[in-house]
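Each remark here refers to the structure printed beneath this line.
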């Protein structure tokens, strides 16, 4: 009897055969040598049966037959690949040991498990778990085969994921489709992802642009010239800006303060799949699916990168020697210049920025292998180049800068200058031949603000604090606040990774990876699914929400099934699946909860009123933005309802209206994530959403007259998102500490929502 090796795809099977049975005879659908028979699946050979396999009545979609919750799920072969399944079954009869060589991840585990269950294979199982397909790695993997039982929890998680998706998708889609007589697709992951896009669109539509002014001072001290931005509250009055300009122009000034500090910028983390997809989308406009397909080809076909479907940005101690070997292999290639300048001593086991085994679960970060790349297509070369440069940058020191912060005072008006003086390129030398990428703006700053306030220079910069300066000129710049940006596939992937949460901190983002929407391997497919069912369209790189996509979210929320659209809740489900794979959670309990949820969906939809069929139709609004911010359609609508410019300016300056809160938030937070949605507006009959601005939490329906706003600074405390969420959902917080008005002993009390109309709060001791 021989050992039967089952790989996930033909290419992988042939790679394995070449490494361990080079003289194996090719039988087209399998290879056979003296010790091993090597065959393969062709992706998923088996799936979960359709509802009619349980009862013929389910052939006809009828809401009265729902929910469909099988006692045990039936398996059915894929009709297009059933011949290959039969081959595996016949080969198994000649084998006394199976080796699961499918992709080393949850889905690869699932593919093998389905074959094993359907064919009722009883042989003992070993598991090949490797991260690249070079012959040495394959041979080493076979020397260190694991027992199949070690992956039982991963199999349980894969099975639970598959069955949960079937229950939510099948019942949700049939319920909404039969109720509204329009084919509507609902899913455990796709629906909350669509909700992210919907919520961003609503914020963009609610946004009303505000004109403001900046004063830029031009200063001279001896041979040194520099610019600075006027410091003070945002100027919404052009006359006031012109007055400041006239006041300081041509006048002498002094250096109010001058600080210099040394800073370092370390190399960016190695790629996981999501980060690679995001950067390939930003740089080359590759879709998430295209990046995954190219990466898979670089891994399987060309064998020049490691396993790409990883969620880790780190490597283990065992990978360090491999990284040094790969560096040597890149000598004499197009990367030779950077190989020669590399410092091997920087990549070592103690460098936690690179080597952190605690953050490597299934697979390490994406790395180039030591195999020479040849025969790559143009797009394959682009993606390979991204991976190699990121790898090489780890062998270089930090880029070093001196940051000069100058406050210049002229006629009692202060101007701020930030100059970033380059001392040493460090790792950035690897990217020096490319068009310079703009650095990310600081937290809470728009790109425009950052570009105005920070100037990067290559030559030495210095100011003498004791010497006079002259304000040679002062220019007034007119600007408009900008709405948050439409999602691209890259920024949507970022939001999916953090379950829609706005997370700047890298460590927190790492912690959220277990509870993102989907997995690195499935996120591209989710985005493609939304395109295929007609919920989104691509307009260049931007994602546009169709009328059908808009309507399905409104129907789901209108039915009272907000949970189905909740990125955070679905992220928690994904976390639970991860815990099942680690053996720390019960798959049985998870499935019971999913069944209850599927039943609840059906109950809610059953009593919902049918939507007008025409409400799903309509032209998709353009995502192109004009100078005023927002889409052309949005600006047109805004023009009809907007108050005079003067009134808007007064509201902003006075800081007393919810409109001001939302406008300020949108204009100062134009990061990829956009303003944070906190929850539904508690004002009776409003239907708007509360989202976070710079100074407060306002309602998206402010244009319709909603005056609800909760200011961040309240009763001597700075409120958190979680506290505001509790206030609008439950009406009061838990006990918090407050300082008495007379400054004496602090008190413990609750904050209570006194008015659901205005957002006024009071303390309850």
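In my numbering, the protein residues as written are 63 to 827.
Every residue, glycine too, gets a C-beta built ideally from N, C-alpha and C.
This one's a predicted model, so the numbers in the text were calculated from it and none came from an experiment.
Straight-line CA distance for residue 755 to residue 268?
As a first step, residue 755 must be located in the chain shown, where it is residue number 693. As a first step, residue 268 must be located in the chain shown, where it is residue number 206. Taking the straight line joining both Cα atoms gives about 13 angstroms.
Which value, in whole angstroms, describes the spacing of the CA atoms of residue 735 and residue 631?
Taking the chain shown and counting its residues from 1, the one referred to as residue 735 is at position 673. Taking the chain shown and counting its residues from 1, the one referred to as residue 631 is at position 569. Reliability of the predicted coordinates at residue 735 is poor, the pLDDT of 42 falling under 50, and the value obtained from them is presented with this limitation in mind. For residue 735 and residue 631, the distance between alpha carbons rounds to 18 angstroms.
Thinking just about the alpha-carbon of each residue, which of 174, 125 and 293 is nearest to the one in residue 41?
In this structure the chain extends from 63 to 827, so residue 41 is not present and cannot be described.
What is the residue span of the beta strand (DSSP E) that residue 742 lies within?
To locate residue 742, count along the chain shown from 1; it is residue 680. Counting along the chain, the beta strand (DSSP E) containing residue 742 begins and ends at 739-742.
Find out if the Cβ-Cβ distance for the pair residue 789, residue 772 is shorter than 8 angstroms.
Here residue 789 is taken as the residue at index 727 of the chain shown, counted from 1. Here residue 772 is taken as the residue at index 710 of the chain shown, counted from 1. Cβ atoms of residue 789 and residue 772: closer than 8 angstroms.
If residue 662 and residue 225 are in contact, beta carbons under 8 angstroms, what's the gap, nearest whole angstrom?
As a position in the chain shown, residue 662 is number 600, starting the count at 1. As a position in the chain shown, residue 225 is number 163, starting the count at 1. The Cβ separation is near 17 angstroms, so there is no contact.
Just the C-alpha distance for residue 78 and residue 178, rounded to the nearest angstrom, thanks.
Working through the chain shown from its first residue, we reach residue 78 at position 16. Working through the chain shown from its first residue, we reach residue 178 at position 116. Each residue's alpha carbon lies about 20 angstroms from the other.
Rounded to whole angstroms, how far is the Cβ of residue 277 from the Cβ of residue 259, which I believe are closer than 8 angstroms?
Here residue 277 refers to the residue found at position 215 of the chain shown. Here residue 259 refers to the residue found at position 197 of the chain shown. The pair is not a contact, with the Cβ atoms about 38 angstroms apart (cut-off 8 angstroms).
Using alpha carbons as the reference points, say which of 240, 408 and 363 lies closest to residue 437.
Here residue 437 refers to the residue found at position 375 of the chain shown. Ranking 240, 408 and 363 by Cα distance to residue 437 puts 363 first.
Could you compute how far the alpha carbon of residue 67 sits from the alpha carbon of residue 95?
Residue mapping note: residue 67 aligns to position 5 of the chain shown, counting from 1. Residue mapping note: residue 95 aligns to position 33 of the chain shown, counting from 1. So the alpha carbons of these two residues sit roughly 11 angstroms apart.
Under the rule that 16 or more other beta-carbon atoms within 10 Å means buried, what is residue 415, buried or exposed?
For the purposes of this step, residue 415 is identified with residue 353 of the chain shown, where counting begins at 1. That one is exposed.
Below 8 angstroms, how does it come out for the region 516-534 and the region 466-484: are there three or more Cβ pairs, yes or no?
Taking 8 angstroms as the limit for Cβ pairs, the verdict is that the region 466-484 does touch the region 516-534.
DSSP state of residue 595, grouped into three classes?
The sequence position of residue 595 within the chain shown is 533, counting from 1. Correct three-state label for residue 595: coil.
Name the one or two DSSP bridge partners that residue 779 has.
For the purposes of this step, residue 779 is taken as the residue at position 717 of the chain shown. Note: residue 779 sits in a beta bridge opposite 776.
Take residue 588 as the anchor and find which of 230, 249 and 197 has the nearest alpha-carbon.
Translated into the one-based positions of the chain shown, residue 588 becomes position 526. Out of 230, 249 and 197, 249 has the C-alpha closest to the C-alpha of residue 588.
Less than 8 angstroms between the CB atoms is what I'm expecting for residue 492 and residue 446, so what's the real figure, rounded?
Here residue 492 is taken as the residue at index 430 of the chain shown, counted from 1. Here residue 446 is taken as the residue at index 384 of the chain shown, counted from 1. 14 angstroms between Cβ atoms; not a contact.
Enumerated in chain order, which unbroken segments of the beta strand (DSSP E) with a length of 3 residues or greater are wholly contained in the region 581-666?
Correct list: 598-601 and 604-607.
Can you check whether the CB of residue 372 is closer than 8 angstroms to the CB of residue 449?
Residue mapping note: residue 449 aligns to position 387 of the chain shown, counting from 1. Residue mapping note: residue 372 aligns to position 310 of the chain shown, counting from 1. No, Cβ-Cβ distance for residue 449 and residue 372 is not below 8 angstroms.
Helix, strand or coil: which one does DSSP assign to residue 142?
Locating residue 142 in the chain shown gives position 80, where the first residue counts as 1. Reduced to three states, the DSSP call for residue 142 is helix.
Would you call residue 182 buried or exposed, if buried means 16 or more other Cβ atoms sit within 10 Å of its Cβ?
Taking the chain shown and counting its residues from 1, the one referred to as residue 182 is at position 120. Exposed.
Can you tell me where the alpha helix (DSSP H) holding residue 241 begins and where it ends?
Taking the first residue of the chain shown as 1, we reach residue 241 at position 179. Where residue 241 is concerned, the enclosing alpha helix (DSSP H) stretches over 214-242.
Mind checking which residues open and close the alpha helix (DSSP H) that includes residue 123?
The residue you call residue 123 lines up with position 61 of the chain shown. Taken as a continuous stretch (DSSP letters only), residue 123 belongs to no alpha helix (DSSP H), as it is neither H nor E.
Classify residue 223 as buried or exposed, calling it buried when 16 or more other Cβ atoms lie within 10 Å of its own Cβ.
By 1-based counting over the chain shown, the position of residue 223 is 161. With 16 or more other Cβ atoms within 10 Å, it is buried.
Buried or exposed: residue 647, going by 16 or more other Cβ atoms within 10 Å of its Cβ?
Counted from its first residue, the chain shown places residue 647 at position 585. Classification for residue 647: buried.
Our contact map puts residue 208 next to residue 642 with C-beta atoms below 8 angstroms; I'd like the distance itself, whole angstroms only.
Here residue 208 corresponds to residue number 146 of the chain shown, with the count starting at 1. Here residue 642 corresponds to residue number 580 of the chain shown, with the count starting at 1. Going by Cβ atoms, the distance from residue 208 to residue 642 rounds to 19 angstroms, so no, they are not a contact pair.
Going by DSSP in three states, residue 273 sits in which element: helix, strand or coil?
Here residue 273 is taken as the residue at index 211 of the chain shown, counted from 1. If DSSP states are grouped into helix, strand and coil, residue 273 belongs with the strands.
Taking 7 angstroms as the cut-off, is the beta-carbon of residue 517 closer than that to any non-hydrogen atom of the ligand FMN?
This structure lacks the ligand FMN; in fact it carries no ligand of any kind.
Considering only residues of the same chain and omitting the five flanking positions on each side of residue 666, which have a CB-CB separation below 7 angstroms?
Along the chain shown, one-based indexing puts residue 666 at 604. Excluding sequence neighbours, residue 666 sits near 621, 622 and 623.
Round the Cβ separation of residue 746 and residue 815 to the nearest angstrom and send it over; I've been treating them as touching at under 8 angstroms.
Taking the first residue of the chain shown as 1, we reach residue 746 at position 684. Taking the first residue of the chain shown as 1, we reach residue 815 at position 753. That belief does not hold up - the Cβ atoms of residue 746 and residue 815 are roughly 13 angstroms apart, past 8 angstroms.
Could you name the residues of the same chain whose beta carbon sits closer than 6 angstroms to that of residue 240, not counting the 5 residues immediately before and after it, in chain order?
Taking the first residue of the chain shown as position 1, residue 240 is located at position 178. 123 and 125, listed in sequence order.
Using C-beta distances below 6 angstroms, list every residue in its chain close to residue 180, excluding the 5 sequence neighbours before and after it, in chain order.
Taking the chain shown and counting its residues from 1, the one referred to as residue 180 is at position 118. For residue 180, where only same-chain residues beyond five positions count, the Cβ hits under 6 angstroms are 108 and 137.
Just the C-alpha distance for residue 792 and residue 234, rounded to the nearest angstrom, thanks.
In the chain shown, counting from the first residue as 1, residue 792 sits at position 730. In the chain shown, counting from the first residue as 1, residue 234 sits at position 172. In a straight line, the C-alpha of residue 792 is about 29 angstroms away from that of residue 234.
Closest to residue 423 by CA distance: which of 644, 270, 139 and 325 is it?
As a working mapping, residue 423 is identified with position 361 in the chain shown. Answer by Cα proximity: 644.
Going along the chain, which unbroken runs of the alpha helix (DSSP H) with 4 or more residues stay wholly within the region 289-352?
Runs found: 300-310 and 335-346.
For residue 473 versus residue 289, is the C-beta spacing smaller than 8 angstroms?
Stepping through the chain shown from its first residue, residue 473 is reached at position 411. Stepping through the chain shown from its first residue, residue 289 is reached at position 227. Taking 8 angstroms as the Cβ cut-off, residue 473 and residue 289 do not qualify as a contacting pair.
Along the chain, where does the alpha helix (DSSP H) that runs through residue 172 open and close?
The residue you call residue 172 lines up with position 110 of the chain shown. It spans 168-181 - the alpha helix (DSSP H) in which residue 172 sits, taken as one unbroken run.
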